[in-house]
Structure formats: structure tokens, C-alpha cells
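Colleague:
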Amino acid sequence: NLRILSDAEFKDLYNASSASLKPILRMAVHTGMRLGEILSLLWDDVNLKEGHLLVRDSKNYESRYIPLHPELTSVLIDLKNRSDSEYVFGGRTTIKRQWANAVKKSGIKHCRFHDLRHTFGSNLGMSGVDIVTVAELMGHKDLSITKRYSHPTPEHKKSAINRLSFIKVDTYMDTSVDIRDKTS
């Protein structure tokens, strides 16, 4: 049951979230980081000047750099100005209750935090980012894992088909072809 959130669903979820959950959601959807990676992120690993962060505690035990989206940079600057913790999000606090409340309040069915990671990967793929780059950003060693995160939406599929509009039917109609059997 892999799923991605539509823009409208993410907006509903974000609007239904507590003030402390909102920046965590932004981090997830703008970086594709796992929840554990987000909650263990230290300010020492965030370089706001250069515009990237370092993920140290990854699932595959390999560090990776992730560039920061400008919207996320603004969120992080605001958090940094209000923080006295070494952790970006206050350390390994539980957000299960906040997440459950936001999902319930938003009305989104069967939504897991990890779906934000799927949303990130799918949005990159649908934006034309190559699979190798998506894999590196998500910390995957194996492209087959990354492929599981690629879920084109119905709208994306329709857009792909609509790109074929350069094929003109009338170009085929300009030529008349005699299909009668000439041997009779």
C-alpha cells in the first residue's frame, strides 16, 4: 500500500498539523528524509549558508548530502533563531500523537508518515529528475528500491499522453491509398 499525497492532501494535512509538526512535514516533503533521520538531525549537520544538510543516521549507514529547497531554508532559519537545542527538531521526541491527530483532522485515509518520502521521490521523478539522482537524494544504493518510490499520478500520465499532440491525424489523411486487390 504505497501511496503519494496529492498537493491538496498535503495542504490539508499541513493545515491540520500542530505548530511543532509543520516544520517536520516540510522537512520530509522537501528532502525525502525518513522520520528517524529528521528527528536525529543536528544543527551541526545543517549548513544554511551553503544550502545543504548532512544525513548521518541513515538506514544503510552511509551519510549523504541533501541540497536545501529555498522554502525549507526559510523554515530552518526561523527554527534556528528560536532554538537552543543541538537538535533541529528537539531530538527524538515522539510525534505519533501529533501525526495521528493531523491525519484524522485532515480526513486523509490510510496515511503514514513514510508516505511523505514516497511523495518526495515521486514528485522528483514526475518533475523529470533522473532515477540516479533520486536514488542518491533518498539514500538508496539499489535503483530497484528507488523505482518502488516512483508513482506517477493519473494527472502526470495524462500529461505524458498529451505531449503526443505533435502527431497529427490529418497528415495520414492527406494520402489516399487504394486498398483494392488489383488482380481481379
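Heads up, the sequence shown is in the numbering used here, so the first residue is 666 and it goes up one at a time.
Positions of the beta carbon are idealized from the N, C-alpha and C atoms, including for glycine.
1) Would you please verify whether the beta carbon of Glu820 is less than 8 Å from any beta carbon of chain B?
2) Check whether the Cβ atoms of Val694 and Thr784 sit closer than 8 Å, and answer yes or no.
3) Helix, strand or coil for Leu670? Go by DSSP, reduced to three states.
4) Which of the three DSSP states is assigned to Pro735 in this structure?
5) Nearest-angstrom Cα distance between Arg777 and Arg729?
6) Any idea what DSSP makes of Ser683, helix, strand or coil?
7) If you follow the alpha helix (DSSP H) that Leu802 is in, where does it begin and where does it stop?
8) Closer than 8 Å is the cut-off here; do at least three beta carbon pairs connect the region 709-717 with the region 676-684?
9) Please report how far the alpha carbon of Leu686 lies from the alpha carbon of Ile731, in whole angstroms.
10) State yes or no: is the C-beta of Met791 within less than 8 Å of the C-beta of Thr759?
11) Note the first and the last residue of the continuous alpha helix (DSSP H) segment covering His783.
12) Determine the burial state of Asp780: buried for a count of at least 16 other Cβ atoms within 10 Å of its Cβ, exposed for fewer.
13) By DSSP, does Arg729 sit in helix, in strand, or in coil?
14) Taking Cβ to Cβ, would you say Thr738 is nearer than 8 Å to Gly716?
15) Taking Cβ positions, are Ile703 and Ile689 nearer each other than 8 Å?
16) Roughly how many whole angstroms lie between the Cα atoms of Val740 and Lys770?
17) Return the first residue and the last residue of the beta strand (DSSP E) that Leu719 is part of.
18) Provide the residue span of the alpha helix (DSSP H) that contains Ser809, from first to last.
19) Cutting at 7 Å between CB atoms, please list the residues of its own chain near Val720, excluding the five before and the five after it.
Modeller: The answer reads as follows:
1) Protein chains in the displayed structure number just one, and chain B is not present.
2) Counting from one through the sequence shown, the residue named residue 694 turns up at place 29. Counting from one through the sequence shown, the residue named residue 784 turns up at place 119. Cβ atoms of Val694 and Thr784: closer than 8 Å.
3) The residue labelled residue 670 in the question sits at position 5 within the sequence shown. Looking at Leu670 - three-state DSSP - the assignment turns out to be coil, as it is neither helix nor strand.
4) Start at 1 with the first residue of the sequence shown, and residue 735 comes out as number 70. Reduced to three states, the DSSP call for Pro735 is helix.
5) Here residue 777 refers to the residue found at position 112 of the sequence shown. Here residue 729 refers to the residue found at position 64 of the sequence shown. For Arg777 and Arg729, the distance between alpha carbons rounds to 24 Å.
6) Residue mapping note: residue 683 aligns to position 18 of the sequence shown, counting from 1. Of the three classes helix, strand and coil, the one that applies to Ser683 here is coil, per DSSP.
7) For the purposes of this step, residue 802 is identified with residue 137 of the sequence shown, where counting begins at 1. 796-803 is the extent of the alpha helix (DSSP H) around Leu802.
8) no
9) Indexing the sequence shown from 1 puts residue 686 at position 21. Indexing the sequence shown from 1 puts residue 731 at position 66. In a straight line, the C-alpha of Leu686 is about 21 Å away from that of Ile731.
10) Reading the sequence shown from its first residue, position 126 is the one you call residue 791. Reading the sequence shown from its first residue, position 94 is the one you call residue 759. No. Outside cutoff.
11) Counting from one through the sequence shown, the residue named residue 783 turns up at place 118. Element bounds for His783: 780-791.
12) Start at 1 with the first residue of the sequence shown, and residue 780 comes out as number 115. The residue in question, Asp780, is buried, as its Cβ has 16 or more Cβ neighbours within 10 Å.
13) Counting from one through the sequence shown, the residue named residue 729 turns up at place 64. Of the three classes helix, strand and coil, the one that applies to Arg729 here is strand, per DSSP.
14) Position 73 of the sequence shown, counted from the start, is the residue given in the question as residue 738. Position 51 of the sequence shown, counted from the start, is the residue given in the question as residue 716. Going by C-beta atoms, Thr738 is nearer than 8 Å to Gly716.
15) The count along the sequence shown starts at 1 and reaches residue 703 at position 38. The count along the sequence shown starts at 1 and reaches residue 689 at position 24. Yes, the pair counts as a contact, with Cβ atoms nearer than the cut-off.
16) For this step, residue 740 is matched to residue 75 along the sequence shown. For this step, residue 770 is matched to residue 105 along the sequence shown. C-alpha separation (whole angstroms): 23 Å.
17) Reading the sequence shown from its first residue, position 54 is the one you call residue 719. Its beta strand (DSSP E) spans residues 717-720.
18) On the sequence shown, residue 809 is found 144 positions in, with the first residue counted as 1. Run containing Ser809: 808-812, per the alpha helix (DSSP H) assignment.
19) Your numbering for residue 720 matches position 55 in the sequence shown. Counting only Cβ-Cβ distances below 7 Å, and skipping sequence neighbours, we find Met698, Glu702, Ser728, Arg729, Ile731, Gly804.
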